[in-house]
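Asker: Sequences listed follow chains A and B, in order.
Okay, so the first sequence: first residue is -11 according to my numbering, each after it adds one.
Okay, so the second sequence: first residue is 77 according to my numbering, each after it adds one.
Handing you this structure, nothing more for now.
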Amino acid sequence: MTGAVLLLAAAALPSGPLDFKARDMRIEPQERRVVLDGDVHLSRDDLNVTGEHAVAEYAKEQHAPPRGPRGRKKEASDAIVGGQSVERFTVIGNVHVQRGSRTADGEHGVVDVKGQTLVLTGTAQTPPIVRDGSETLSGERILLRLDSEDVDVVRPKVVLRRSLAEEGQPVPVKVEADHLLLLQARRLARFTDDVIVRRGDAVVRSPRMEARYDGEGQLTKLELRGGVDVRQGERRATGQNADYDAKARTLVLVGDPKLYDQGDVLTGDRIDLALDSKEVHVERARGRLRPEAHKGERGAP
Amino acid sequence: MALALAAACGNAVSPQISPIFTPADAPDLSLQGVALARLSEGRIVARGTADRLDYQRAGARLQASRGGGVIQPEPGSRLAALGSVRFVADRVDGEIANRKGVASGAVRVDAERGDVARTERVYYDGDFLRSDTRVAAAGPGYRVEGSGLLARTDGSVIQLTDGVKGQLQMESRP
Chain A
-11 MTGAVLLLAA
-1 AALPSGPLDF
9 KARDMRIEPQ
19 ERRVVLDGDV
29 HLSRDDLNVT
39 GEHAVAEYAK
49 EQHAPPRGPR
59 GRKKEASDAI
69 VGGQSVERFT
79 VIGNVHVQRG
89 SRTADGEHGV
99 VDVKGQTLVL
109 TGTAQTPPIV
119 RDGSETLSGE
129 RILLRLDSED
139 VDVVRPKVVL
149 RRSLAEEGQP
159 VPVKVEADHL
169 LLLQARRLAR
179 FTDDVIVRRG
189 DAVVRSPRME
199 ARYDGEGQLT
209 KLELRGGVDV
219 RQGERRATGQ
229 NADYDAKART
239 LVLVGDPKLY
249 DQGDVLTGDR
259 IDLALDSKEV
269 HVERARGRLR
279 PEAHKGERGA
289 P
Chain B
77 MALALAAACG
87 NAVSPQISPI
97 FTPADAPDLS
107 LQGVALARLS
117 EGRIVARGTA
127 DRLDYQRAGA
137 RLQASRGGGV
147 IQPEPGSRLA
157 ALGSVRFVAD
167 RVDGEIANRK
177 GVASGAVRVD
187 AERGDVARTE
197 RVYYDGDFLR
207 SDTRVAAAGP
217 GYRVEGSGLL
227 ARTDGSVIQL
237 TDGVKGQLQM
247 ESRP
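Here's what the structure looks like:
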C-alpha cells in the first residue's frame, strides 16, 4: 500500500471555486459558514469528496468590501465567486474521498484549505481507510496532504500485499505502529513508535522503521533501527539494527546481533535470517550450543 | 328619461349606454408613485417604493406593482451580518392582517454584504419566506442555484432547498 500511495501523482489543491451539489444549503452569515445537507458532493480538479453533510467555514480575517444595494453593475448570474474564501470544510457521515486512483473513506473529514490537508477519522469499529486498488492503509487518523503525496497516519495498520515480489502465493506483510509518515518525494515510508512487522510466523519489533520503494512502487528495503527483536517460531534474534531485503527476503541483523534458538545462543558480526527457508547465517559466529536440546530433531545425532 | 320609462313599462329595449359600476374588488385607495417609510422608536427600519399601490380596507389587502423596499436589520440581529437588505418585485400582493403575501415577477434581493438572490415567486407567511421556483443566489465566496427557498424573516434560517448546486470559493481573488 505504501508503495502504491507513494506512486500516486497529484498536484496541490489549487485555489478557486469548489463545485458542490447537495439536497439543501443553509447560509449562516452570522456564523460565516454555509451548511450543505443530503448527498453532498464536493469537487475541485481531481479531488472529489462526498458525504451526508458538510460545513464550509469562511476565513474570519477577510472581508468583502461593502457594496451598497444600489448601483450594482453585475447580475447575480454574472457574479464572481470571490471576496471571501472558505478556509475549512468539514464533511460528516460516510465520507468518501477520491483523488486519482486513490480513494479514502471515513466518518469525518476536514479539509484545511490553507494548510492543504485532508484529515480523515472514523470510529474504533470503522477506522478511516485509504485504498489504491487492492491495497489498503488504515489507522486512527489519516492526514492526506493535498499539495504533495505525503500521508501522515496515526496508529497505522498496513498490509504490504504487493510490495514483496514473491513466487507463488505471496505472504502478506502487515505493519503496525503508532505513527506513519509517507514521503512521496523520497519514496519513503517512515514508521515510528512501537513498530510491529508480521510476515507469516515471523514477528519483528523495533522503535522505528523506514520502508524504501523503487520507482515502480515496489518495496526494496526495510530499515529497522534502535533495537530490533525478531521472533519466528521458537527462534528469536536481536540486534541494534536490521535491514530487510525485499527481493532476497532476508533480514540482516547487525549491532551486537544475537540468535536464540532452543537454548543455543549465537552471536557474531552479523546474522542473516532467511524468512522463507528459515536458514540462518552467522558471520564470525561465537556462542554456546546445547546439543541435548536438539535431540529428536531430524538430522540431529 | 325615455329609457327609464321603457324599462318601467317592461319593454325589452337594449340600453345604449352601459351603466358605470365599481367592481367588488376595486381598491379603496390607489396611489401612483409611492414612497413610504416604517419607523420604529424614531428610527427608519424599512423603506419602500412602488409605481402603483392599491389598498382595500376589507382584509387589509395590498397590491403593489414594481414595488421594492429596503430593510435595515436591527443591530445585533442575525440579519445584521448581511447589512441592509433591498428587495424588488414586479408585483406584490399582501394581506396585512394575516401577514401573508406573495411577491412575483423578477423577485430580487440584494444585501449590503454582497449577497444577491433572484427568483420568480416568493411567498410570505408570518415569519417565513418560501419559494417553489428556481432560486439563483451569489455572495461573498459562494454561488448557488436551488429549486426552492425557505427562510425566516429574522435571518435565523436562510436555506436553498430541493437540490442545490454551485460553487464555493476556496481562496480570495488577488
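For every residue, glycine included, the Cβ atom is placed at its ideal position computed from N, Cα and C.
Taking 8 Å as the cut-off, decide whether the C-beta atoms of G163(B) and G145(B) are in contact.
Answerer: Start at 1 with the first residue of the second sequence, and residue 163(B) comes out as number 87. Start at 1 with the first residue of the second sequence, and residue 145(B) comes out as number 69. Looking at the sequence shown, residue 163(B) is not Gly but Phe. Yes, they are a contact pair.
Asker: Against chain B, does L6(A) count as a neighbour if the rule is that its beta carbon must be under 8 Å from one of theirs?
Answerer: For the purposes of this step, residue 6(A) is taken as residue 18 along the first sequence, with counting starting at 1. Yes, because at least one Cβ of chain B sits closer than 8 Å to the Cβ of L6(A).
Asker: Just to confirm before moving on: does the CB-CB distance between V85(A) and H96(A) stay below 8 Å?
Answerer: Numbered from 1 along the first sequence, position 97 holds the residue referred to as residue 85(A). Numbered from 1 along the first sequence, position 108 holds the residue referred to as residue 96(A). Not a contact, by the Cβ cut-off of 8 Å.
Asker: Report yes or no: do three or more beta-carbon pairs, one from the stretch 162 to 174 of chain A and one from the stretch 134 to 145 of chain A, lie closer than 8 Å?
Answerer: Result yes; three or more Cβ-Cβ pairs closer than 8 Å.
Asker: Suppose you measure from the CA of Q72(A) to the CA of R184(B); what does that come to, to the nearest Å?
Answerer: The count along the first sequence starts at 1 and reaches residue 72(A) at position 84. The count along the second sequence starts at 1 and reaches residue 184(B) at position 108. Taking the straight line joining both Cα atoms gives about 22 Å.
Asker: Report the option in L244(B), E221(B), A182(B) whose CA atom is closest to the CA atom of D12(A).
Answerer: Residue numbering aside, residue 12(A) sits at position 24 when the first sequence is read from its first letter. D12(A) has its Cα closest to that of E221(B), out of L244(B), E221(B), A182(B).
Asker: Ends of the beta strand (DSSP E) at D249(A)?
Answerer: Position 261 of the first sequence, counting from 1, holds the residue named residue 249(A). Run containing D249(A): 246 to 249, per the beta strand (DSSP E) assignment.
Asker: Quick one, are the C-beta atoms of L106(A) and L134(A) less than 8 Å apart?
Answerer: One-based indexing of the first sequence puts residue 106(A) at position 118. One-based indexing of the first sequence puts residue 134(A) at position 146. Result yes, Cβ atoms of L106(A) and L134(A) sit closer than 8 Å.
Asker: Just mark L120(A) as buried or exposed, buried being the case when its beta carbon has 16 or more other beta carbons within 10 Å.
Answerer: The residue you call residue 120(A) lines up with position 132 of the first sequence. The sequence shown places Asp at residue 120(A), rather than the Leu named in the question. D120(A) comes out buried.
Asker: Unbroken beta strand (DSSP E) runs of length 3 or more, entirely within the stretch -1 to 53 of chain A: which are they?
Answerer: Listed in chain order, the complete beta strand (DSSP E) runs (minimum 3 residues) inside the stretch -1 to 53 of chain A are 5 to 10, 12 to 16, 21 to 32, 35 to 46.
Asker: Which same chain residues, not among the five before or five after G177(B), have their C-beta less than 7 Å away from its C-beta?
Answerer: Locating residue 177(B) in the second sequence gives position 101, counting from the first residue. Excluding sequence neighbours, G177(B) sits near V168, D169, G170, E171, Y200.
Asker: Do A187(B) and G159(B) have their CB atoms nearer than 8 Å?
Answerer: The residue labelled residue 187(B) in the question sits at position 111 within the second sequence. The residue labelled residue 159(B) in the question sits at position 83 within the second sequence. Cβ distance < 8 Å, so A187(B) and G159(B) count as in contact.
Asker: Tell me the rounded alpha-carbon separation between V23(A) and G205(A).
Answerer: To locate residue 23(A), count along the first sequence from 1; it is residue 35. To locate residue 205(A), count along the first sequence from 1; it is residue 217. Using only the alpha carbons, I get a separation of about 40 Å.
Asker: With a floor of 3 residues, list each beta strand (DSSP E) that falls wholly inside the stretch 88 to 170 of chain A, ordered by position along the chain.
Answerer: For the stretch 88 to 170 of chain A, whole beta strand (DSSP E) runs of length 3 or above, ordered along the chain, are 90 to 100, 105 to 109, 117 to 120, 123 to 126, 129 to 133, 139 to 142, 145 to 148, 161 to 164.
Asker: Quick check on I120(B): buried or exposed, where buried means 16 or more other Cβ atoms within 10 Å of its Cβ?
Answerer: Reading the second sequence from its first residue, position 44 is the one you call residue 120(B). Exposed, by the Cβ-count rule.
Asker: Is it buried or exposed, R191(B), if we count other Cβ atoms within 10 angstroms and call 16 or more buried?
Answerer: Position 115 of the second sequence, counted from the start, is the residue given in the question as residue 191(B). Here the sequence assigns Asp to residue 191(B), which means Arg is not the residue at that position. With 16 or more Cβ atoms within 10 Å of its Cβ, D191(B) is classed as buried.
Asker: Which stretch, first to last residue, makes up the beta strand (DSSP E) that contains D238(B)?
Answerer: Stepping through the second sequence from its first residue, residue 238(B) is reached at position 162. Taken as a continuous stretch (DSSP letters only), the beta strand (DSSP E) holding D238(B) covers 234 to 245.
Asker: What residues in the stretch 212 to 238 of chain B bring their beta carbon closer than 8 Å to a beta carbon of chain A?
Answerer: The residues in question are A212, A213, A214, G215, P216, G217, Y218, R219, V220, G222, G231, V233, I234, Q235, L236, T237, D238.
Asker: Assuming contact is defined by CB atoms lying nearer than 8 Å, are T238(A) and L261(A) in contact in what I supplied?
Answerer: As a position in the first sequence, residue 238(A) is number 250, starting the count at 1. As a position in the first sequence, residue 261(A) is number 273, starting the count at 1. Yes, the pair counts as a contact, with Cβ atoms nearer than the cut-off.
Asker: With a cut-off of 8 Å, does the C-beta of V240(B) fall near any C-beta of chain A?
Answerer: Within the second sequence, residue 240(B) is the residue found at index 164, counting from 1. Closer than 8 Å: yes.
Asker: Determine whether the Cβ of V270(A) lies closer than 8 Å to any Cβ atom of chain B.
Answerer: Here the question's residue 270(A) lines up with position 282 in the first sequence. V270(A) does not count as touching chain B.
Asker: Hey, quick one: how far does the beta strand (DSSP E) through I259(A) stretch, first residue to last?
Answerer: The residue you call residue 259(A) lines up with position 271 of the first sequence. Run containing I259(A): 258 to 262, per the beta strand (DSSP E) assignment.
Asker: Can you list, in chain order, the residues of its chain whose CB lies under 6 Å from that of L277(A), leaving out five sequence neighbours each side?
Answerer: In the first sequence, the residue the question calls residue 277(A) occupies position 289. If we look at L277(A) and ignore the five residues flanking it on each side, its Cβ neighbours are D252.
Asker: Which of helix, strand or coil does DSSP assign to A64(A)?
Answerer: Taking the first residue of the first sequence as 1, we reach residue 64(A) at position 76. Low confidence applies here, because A64(A) scores a pLDDT of 35, under 50, leaving its location unreliable; read the following figure in that light. In the structure shown, A64(A) sits in a helix (DSSP, three-state: H, G or I).
Asker: Taking 8 Å as the threshold (beta carbon to beta carbon), is Q245(B) in contact with chain D?
Answerer: No chain D is present in this structure, whose protein chains are A and B.
Asker: Suppose you measure from the CA of V191(A) to the CA of R174(A); what does that come to, to the nearest Å?
Answerer: The count along the first sequence starts at 1 and reaches residue 191(A) at position 203. The count along the first sequence starts at 1 and reaches residue 174(A) at position 186. Going by the C-alpha atoms only, they are around 27 Å apart.
Asker: Would you say I311(A) lies against chain B (beta-carbon separation less than 8 Å)?
Answerer: With chain A running from -11 to 289 in the structure shown, residue 311(A) is simply not present.
Asker: Less than 8 Å between the C-beta atoms of R219(B) and G242(B), yes or no?
Answerer: Working through the second sequence from its first residue, we reach residue 219(B) at position 143. Working through the second sequence from its first residue, we reach residue 242(B) at position 166. In contact: R219(B) and G242(B) (Cβ atoms closer than 8 Å).
Asker: Would you mind sorting D93(A) into buried or exposed? The rule is 16 or more other CB atoms within 10 Å of its CB.
Answerer: Counting from 1 along the first sequence, the entry for residue 93(A) is found at position 105. Classification of D93(A): buried, given that the 10 Å Cβ count is 16 or more.
Asker: Name, please, each residue of chain B whose Cβ falls closer than 9 Å to the Cβ of K9(A).
Answerer: Stepping through the first sequence from its first residue, residue 9(A) is reached at position 21. Within 9 Å Cβ-Cβ: G239, V240, K241, G242.
Asker: For I147(B), which residues of its own chain have a beta-carbon under 6 Å away from its beta-carbon, when the five flanking residues on both sides are left out?
Answerer: Residue numbering aside, residue 147(B) sits at position 71 when the second sequence is read from its first letter. Contacts found: A122, V161.
Asker: Taking a cut of 7 Å between CB atoms, which residues from the stretch 152 to 167 of chain B lie near chain A?
Answerer: Those residues of the stretch 152 to 167 of chain B that come within reach of chain A (Cβ to Cβ, closer than 7 Å) are R154, A157, L158, G159, S160, R162.
Asker: Using the rule of at least 16 other Cβ atoms within 10 Å of the residue's Cβ for burial, across every protein chain shown, is R114(B) buried or exposed?
Answerer: Here residue 114(B) refers to the residue found at position 38 when the second sequence is read from its first residue. It is exposed - the Cβ of R114(B) has fewer than 16 other Cβ atoms within 10 Å.
Asker: Which residues mark the beginning and the end of the beta strand (DSSP E) in which I147(B) is found?
Answerer: As a position in the second sequence, residue 147(B) is number 71, starting the count at 1. Element bounds for I147(B): 137 to 147.
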